[in-house]
Amino acid sequence: MKVAIIGGTGRAGQEISAELARRGHQVTAIARHPEKAVQHAAITAVAGDVNHPEALVAAITGHDVVVSAVMFSDTDPASLVDVVRQSGVPLISTPEFPKEYLPEASRGKAFLDYLRGVDDIDWTYVSPSVFFFVGPRTGSFRLGTDQLLSDADGKSSISFADYAIALVDEIETPRHSRQRFTVGY
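Numbering (my numbering), first residue to last: 13 to 197.
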């Protein structure tokens, strides 16, 4: 599968790129600083910016899926959805932020609310846990819907690596079309 990742050099974007490459997918990591992309034969780094929609359409057209791994404060939902419409590629949105930061979380909610009104493209919105951290790839996590996931001690967390596994699982076997789902331990 060919997957384009807008924000492919951020913390989430790098883990998602690596997970996709590990599973044999072809990845286009689109970023303002493509030199920071994960180095792998299956990953092509392309210069691009979420604020330049014309270039994004060209960069993502021809892919099977596009993943948005950029901060919501950097993204206009209407512009991103228009880019996806023009390209004809399904969208998976993943925030590049710890949800505990209220201003960014508020923008994320607005983005999700906008997506919920979009019915002419296939989209999925993946929410991390409160503590979104650089950590090991364990492959052991839970999925939820709109509820915050937490462990027996009340801690809500997920590593970027395990988050990437959940997102790539969704790309390979879609189960949340036009829905939000959460991932956590």
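We put the beta carbon where it would ideally sit given N, CA and C, even for glycine. It should be emphasised that the depicted structure is a prediction, and the values quoted were computed from it without experimental measurement.
- I55 and E27 have their alpha carbons spaced roughly 12 Å apart.
- The continuous beta strand (DSSP E) containing G156 extends over residues R154 to G156.
- If you draw a straight line from the Cα of G100 to the Cα of A24, it is about 24 Å long.
- At a cut-off of 4 residues, the continuous stretches assigned as alpha helix (DSSP H) that sit fully inside the segment 157-196 are 172-184.
- For A71, the enclosing alpha helix (DSSP H) has its first and last residue at P65 to I72.
- Runs of the alpha helix (DSSP H) lying entirely within the segment 15-65, each at least 4 residues long, are 23-34 in chain order.
- In the DSSP annotation of this structure, S85 is not part of any alpha helix (DSSP H), being labelled neither H nor E.
- By the Cβ test, the segment 84-100 is not in contact with the segment 38-56, since fewer than three Cβ pairs between them sit closer than 8 Å.
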